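A.B. asks: Attaching a single structure in structure tokens format; questions to follow.
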């Protein structure tokens, strides 16, 4: 639904009220400064935003983990000089209640004038236009930003859906070696059956292990389509990154433990390609993560042939803020020369 805010004070009041309401609902986030694009994670909301230089206009995409839903809200300038405000549910297991509660708190008892059949801009549309100094006519020149934001959106939507679907299910798999308290004097726990994970299950595995490793949509999509024939090895590699590698990076384990396990699996571990080479290969070795362009500087490898049935490559980087490996591409070999 789209609404009009006829004058500048009304737009400023609406914008301030929106951020104030959101912060009241989740004190773990803060209202953004003017002229910023960014993201934040609070106790309830995972938030992405754009704000105008004067702070009068904004666009926000909000993942609500308490009432599972993904929704958008904005206040942007219209050609008439007025401000257009809008809201949209992208996905929800809680109906429109979560978004509507926030919206009602913002507008109060006011009935805003509605617009007719006007195209509802998406969050990505608004960010692409708002961050381009040449204006909306050149949005297509910002394709890398737009693609990155779409990947972020796809990731959060997929993760939210998978977590909500799986939260009441009994876990079918617990990785060997996952950190826990010592159980030397405890009664033996029942052995859980090991799930036979297939490549097409990668989104479910990623959701169940999101507390230890991030697998981005690009890697999930490629894995589902891949003819690679050793799913067990791929999941063993992900376990290695989620457990031993993460603990090494956090200073909680000896690097040798990671090295020994990698060698046992017949893996090679090291840098992906030189940054100068990656820069000549487009976006192959880069991901959009937390609003920044990140280089996939590390990889695990097995097999030297380029036959995708037998050659495995997992490209990743380590996010210090999340304290997890972020997998951006797998299981196929990426290019290594500019041709």
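In the numbering used here, the protein residues as written are 305 to 643.
Every residue gets a Cβ at the ideal spot worked out from N, C-alpha and C, and that includes glycine.
Since the structure is predicted, the reported quantities are computational estimates derived from the model, not experimental observations.
#1: List the endpoints of the continuous alpha helix (DSSP H) containing residue 396.
#2: In the structure shown, what three-state DSSP assignment does residue 366 receive?
#3: What is the rounded straight-line gap between the Cα of residue 415 and the Cα of residue 506?
#4: Which runs of the beta strand (DSSP E) fall wholly inside the stretch 574-629 and span at least 3 residues, in chain order?
#5: Which word fits residue 521, buried or exposed, when buried means at least 16 other C-beta atoms lie within 10 angstroms of its C-beta?
#6: Relative to the C-alpha of residue 629, which candidate in 319, 378 and 514 has its C-alpha closest?
#7: Give the DSSP bridge partners of residue 344, in chain order.
#8: Measuring alpha carbon to alpha carbon, tell me which residue in 531, 548, 356 and 576 is nearest residue 564.
#9: Going by other Cβ atoms of all chains shown within 10 Å of its Cβ, with 16 needed for buried, is residue 566 buried or exposed?
#10: With 16 other CB atoms within 10 Å as the buried threshold, where does residue 543 fall?
#11: Here's the rule I'm using: 16 or more other beta-carbon atoms within 10 Å means buried, otherwise exposed. How should residue 554 be labelled?
#12: To the nearest angstrom, how far is the alpha carbon of residue 362 from that of residue 385?
#13: Can you give me the Cβ contacts of residue 569 inside the same chain, cut-off strictly under 8 Å, excluding the 5 residues immediately before and after it?
#14: Starting from the C-beta of residue 557, find all residues in its chain whose C-beta is less than 8 Å away, skip the five residues before and the five after it, and write them out in chain order.
#15: For residue 524, I'd like the list of residues in its chain whose CB is within less than 8 Å of its CB, leaving aside the five on either flank, ordered along the chain.
#16: Give the secondary structure of residue 406 by DSSP, where H, G and I count as helix, E and B as strand, and everything else as coil.
#17: Residue range of the beta strand (DSSP E) that residue 379 falls in?
#18: Using 8 Å for Cβ pairs, my map puts residue 284 next to residue 636. What's the rounded Cβ distance?
#19: Ends of the alpha helix (DSSP H) at residue 539?
#20: Using CA atoms only, rank isn't needed, just tell me which of 357, 328 and 347 is closest to residue 337.
C.D. replies: Based on what the coordinates show:
#1: The residue labelled residue 396 in the question sits at position 92 within the chain shown. Element bounds for residue 396: not the alpha helix (DSSP H) but the beta strand (DSSP E), 387-396.
#2: Here residue 366 refers to the residue found at position 62 of the chain shown. Here residue 366 sits in strand by DSSP.
#3: For the purposes of this step, residue 415 is taken as the residue at position 111 of the chain shown. For the purposes of this step, residue 506 is taken as the residue at position 202 of the chain shown. A straight-line Cα-Cα distance of about 46 Å links residue 415 and residue 506.
#4: Counting only runs of 3 or more, we get 590-593, 596-599, 602-606 and 616-623.
#5: Within the chain shown, the letter at position 217 stands for residue 521. Buried.
#6: The residue labelled residue 629 in the question sits at position 325 within the chain shown. Comparing Cα positions, the closest option is 514.
#7: Taking the chain shown and counting its residues from 1, one reaches residue 344 at position 40. Among the bridge pairs identified by DSSP, residue 344 is matched with 351.
#8: As a working mapping, residue 564 is identified with position 260 in the chain shown. The shortest Cα separation from residue 564 among 531, 548, 356 and 576 belongs to 548.
#9: Counting from one through the chain shown, the residue named residue 566 turns up at place 262. Around the beta carbon of residue 566, 16 or more other beta carbons sit within 10 angstroms, so the residue counts as buried.
#10: Looking up residue 543 in the chain shown gives position 239. Buried, since its Cβ has 16 or more Cβ neighbours within 10 Å.
#11: Along the chain shown, read from residue 1 onward, the residue named residue 554 stands at position 250. Flag for residue 554 reads exposed.
#12: For this step, residue 362 is matched to residue 58 along the chain shown. For this step, residue 385 is matched to residue 81 along the chain shown. Their backbone Cα atoms lie some 16 Å apart in a straight line.
#13: In the chain shown, counting from the first residue as 1, residue 569 sits at position 265. Same-chain partners within the cutoff: 537, 540, 541, 544 and 606.
#14: Walking along the chain shown from the start, residue 557 turns up at place 253. Within the same chain, residue 557 has close Cβ partners 548 and 551.
#15: Taking the chain shown and counting its residues from 1, the one referred to as residue 524 is at position 220. Once the five neighbours on either side are set aside, the close Cβ partners of residue 524 are 462, 506, 507 and 510.
#16: The count along the chain shown starts at 1 and reaches residue 406 at position 102. Looking at residue 406 - three-state DSSP - the assignment turns out to be helix.
#17: Walking along the chain shown from the start, residue 379 turns up at place 75. Counting along the chain, the beta strand (DSSP E) containing residue 379 begins and ends at 373-381.
#18: The structure shown has nothing for residue 284, since the chain only spans 305 to 643.
#19: What you label residue 539 is simply residue 235 of the chain shown in a count that begins at 1. Its alpha helix (DSSP H) spans residues 535-544.
#20: Here residue 337 is taken as the residue at index 33 of the chain shown, counted from 1. Nearest of 357, 328 and 347 to residue 337, Cα basis: 357.
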